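**Q** Shown below is the structure under consideration.
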Amino acid sequence: MLAATLILLLVVPVLWTSFFLVAAGVHESLAYDFREAYLPAAEAVLDGNSPYPALDDPRLAAETAYVYPPLLAYALIPFTALSENAASVVAALFAFAVLAGTLVLVGLRDWRCYGAALLWAPSVNALHTASSSLLLAFGCALAWRYRSTVWPLALSVGVAVALKLLIWPLLAWTLVTRRLLATAGALLVAAVLTLVTWGALGFEDIGRYPELLRKLAELEAEESYSLVGAFAAGGLEGTSARILSGAIAVALLVCCALYARRDDDLRSFTCALAAALAFTPILWQHYLVMLLVPLAVARPRFSAIWLVPALLWAAPREDNGSAIQTFLPVLAAAALVVFVLANPGRRSRLAAEGVR
Numbered sequence: 006m007l008a009a010t011l012i013l014l015l016v017v018p019v020l021w022t023s024f025f026l027v028a029a030g031v032h033e034s035l036a037y038d039f040r041e042a043y044l045p046a047a048e049a050v051l052d053g054n055s056p057y058p059a060l061d062d063p064r065l066a067a068e069t070a071y072v073y074p075p076l077l078a079y080a081l082i083p084f085t086a087l088s089e090n091a092a093s094v095v096a097a098l099f100a101f102a103v104l105a106g107t108l109v110l111v112g113l114r115d116w117r118c119y120g121a122a123l124l125w126a127p128s129v130n131a132l133h134t135a136s137s138s139l140l141l142a143f144g145c146a147l148a149w150r151y152r153s154t155v156w157p158l159a160l161s162v163g164v165a166v167a168l169k170l171l172i173w174p175l176l177a178w179t180l181v182t183r184r185l186l187a188t189a190g191a192l193l194v195a196a197v198l199t200l201v202t203w204g205a206l207g208f209e210d211i212g213r214y215p216e217l218l219r220k221l222a223e224l225e226a227e228e229s230y231s232l233v234g235a236f237a238a239g240g241l242e243g244t245s246a247r248i249l250s251g252a253i254a255v256a257l258l259v260c261c262a263l264y265a266r267r268d269d270d271l272r273s274f275t276c277a278l279a280a281a282l283a284f285t286p287i288l289w290q291h292y293l294v295m296l297l298v299p300l301a302v303a304r305p306r307f308s309a310i311w312l313v314p315a316l317l318w319a320a321p322r323e324d325n326g327s328a329i330q331t332f333l334p335v336l337a338a339a340a341l342v343v344f345v346l347a348n349p350g351r352r353s354r355l356a357a358e359g360v361r
């Protein structure tokens, strides 16, 4: 039994992930998002130029345009000192360290869970692309770890929100759980980082940034794994799909508040993350790495639920596939969220703990 466990949850994950990343390196697609979008944006801001494409730029349709807040571009400026290939390798190694650090931060000790995390298609997708989703997951882990503090929590949430607005429901979580000083601090941190980085660009393109995001959603939403994409695949398109997705997200925020009233921190936190995934009109597999955080807290010992996202290898990572493939990530995310809500594990003890 031990030998089989070692093979399944240690040997296979390490070999498979290594093979996948080496193959990506051979085909010059290692750290794809970093190479195609993040690094060019860092080079642009270093030269004093805007990192944002025109609305008719073909990179938007090719999904290689930089469309994130400017903070990420500025943060990656040190990578511009390296060659593109060297920077991509360093970014991939850094992504791996961030993934491992996310699990360490929430106190995960079972090595089998680390192996299972490497079997997740979303995890390997995030490592392959060196996606900013890993930074968001790390921010979520920091927020949970330091939930009983003020400024460490505020910094964790504020930086994450400034990095990608997708994660803003964490602000709702800190608010409804009556962490008022941390909420105010997070808003201040996010506002300062946003203003400073946009200011460094001379506020160039800030006026058309919302339009850029709308254009991106128009191009990608129904081809992604978001609720909008799932509803579109089911025949519900356009405004109706967006309204229904928004209604589900709002319902999750209501659940976040209701659990907070019961001092059920983990369930409230999980609903906030689920709301973030429900609100976004564009969702790719690597976004689901954020769900590693509540799962690791609720189930710190290996069980079958840890292998559910491995089923997403049956779905493509470049688009949302066809037939059942389109719905697999939503179903996997729902399974993880429902599991945590139904089996929050050590929540009573954990709610009373936290770093002080």
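Okay, so the sequence shown: first residue is 6 according to my numbering, each after it adds one. Just so it is clear, CB atoms sit at the ideal spot from N, CA and C, and this is done for glycine as well. As the structure is a computational prediction, the values presented were derived from the model and not from experiment.
1. By how many angstroms is the C-alpha of Ala78 removed from the C-alpha of Leu141?
2. So what's Asn130 in DSSP terms, helix, strand or just coil?
3. Determine the contact status of Val164 and Ala187, defining contact as a CB-CB distance below 9 angstroms.
4. Within a Cβ cutoff of 7 angstroms, which residues of the same chain sit near Arg184, ignoring the five residues on either side of it in sequence?
5. Of all the options Met295, Val111 and Ala339, which has the alpha carbon lying nearest to the alpha carbon of Asn130?
6. DSSP state of Ser137, grouped into three classes?
7. Could you tell me the distance, in whole angstroms, from the CA atom of Ser250 to the CA atom of Leu81?
8. Can the beta-carbon of Ala97 be found less than 9 angstroms from the beta-carbon of Phe39?
9. Would you call the CB atoms of Leu221 and Val72 closer than 9 angstroms?
10. Considering just the uninterrupted stretch of the alpha helix (DSSP H) at Lys220, what are its terminal residues?
11. Would you tell me roughly how many angstroms separate the C-alpha atoms of Gly350 and Ala265, rounded to the nearest one?
12. If distances are taken between C-alpha atoms only, which option among Thr275, Glu216 and Asp324 comes closest to Phe344?
13. Taking Pro127 as the reference, give the member of Arg117, Ser138 and Cys118 with the closest Cα.
14. Could you compute how far the alpha carbon of Leu176 sits from the alpha carbon of Ala9?
15. Among the candidates Arg117, Gly243 and Ala189, whose CA atom is the shortest distance from the CA of Glu227?
16. Report the rounded CA-to-CA distance for Pro174 versus Asp52, giving the unit in angstroms.
17. By the three-class DSSP mapping on this structure, what secondary structure does Glu358 have?
18. Quick one: grab the DSSP three-state call for Phe284.
19. Between the Cα of Ala303 and the Cα atoms of Leu336, Val201 and Trp149, which residue gives the shortest distance?
20. Here's a check: name, in chain order, each residue in its chain whose Cβ is nearer than 6 angstroms to the Cβ of Gln330, leaving out the five neighbours to either side.
21. In angstroms, rounded to a whole number, what distance separates the CA positions of Ile12 and Pro56?
22. Okay, do the region 278-291 and the region 81-93 touch, 3+ Cβ pairs below 8 angstroms being the bar?
23. Indicate the three-state DSSP secondary structure (helix, strand or coil) for His32 in the structure shown.
24. Measure the Cβ-Cβ separation of Trp311 and Arg117 and say whether it is below 9 angstroms.
25. My understanding is that Trp125 touches Ala315, with C-beta atoms under 8 angstroms, so please give their C-beta distance in whole angstroms.
26. Note down, in chain order, each residue of its chain lying with its Cβ closer than 7 angstroms to the Cβ of Gly239, except the 5 sequence neighbours on either side.
27. Per DSSP, what kind of secondary structure is Gly106 in: helix, strand or coil?
28. Whole angstroms are fine: how far does the CA of Leu44 sit from the CA of Phe307?
29. How would you call Pro58, buried or exposed, if buried means at least 16 neighbouring beta carbons within 10 angstroms?
30. Roughly how many whole angstroms lie between the Cα atoms of Ser353 and Cys261?
31. What is the DSSP secondary structure of Asp52, counted as helix, strand or coil?
32. In three-state terms, what does DSSP make of Arg184?
33. Can you list, in chain order, the residues of its chain whose CB lies under 6 angstroms from that of Met145, leaving out five sequence neighbours each side?
**A** So, to answer that:
1. Linking Leu141 to Ala78 through their CA atoms gives a straight-line distance of about 15 angstroms.
2. helix
3. no
4. Leu158
5. When each option's Cα is compared against that of Asn130, the closest is Met295.
6. coil
7. 33 angstroms
8. yes
9. Judged by beta-carbon spacing, Val72 lies within the 9 angstroms limit of Leu221, meaning their Cβ atoms are closer than that value.
10. Tyr214 to Glu225
11. Their Cα atoms are separated by approximately 17 angstroms.
12. Thr275
13. Ser138
14. Roughly 43 angstroms between the two C-alpha positions.
15. Gly243
16. 34 angstroms
17. Residue confidence is low: Glu358 scores 46 on pLDDT, short of 50, so the model does not pin down where it sits. Its coordinate-derived value is still stated next. Correct three-state label for Glu358: coil.
18. helix
19. The option with the nearest alpha carbon to Ala303 is Trp149.
20. The beta carbon of Gln330 sits closer than 6 angstroms to those of Ala320, all from its chain and outside the five residues before and after it, given in chain order.
21. 45 angstroms
22. At 8 angstroms Cβ cutoff, the stretches do not touch.
23. coil
24. yes
25. 6 angstroms
26. Counting only Cβ-Cβ distances below 7 angstroms, and skipping sequence neighbours, we find nothing.
27. helix
28. 37 angstroms
29. buried
30. Residue placement at Ser353 cannot be trusted, given a pLDDT of 41 that sits under 50; what the coordinates show is reported in the next sentence. Looking at the two C-alpha atoms, the distance is approximately 17 angstroms.
31. coil
32. coil
33. The question names Met, yet the displayed sequence has Cys at residue 145. Counting only Cβ-Cβ distances below 6 angstroms, and skipping sequence neighbours, we find Met295 and Val298.
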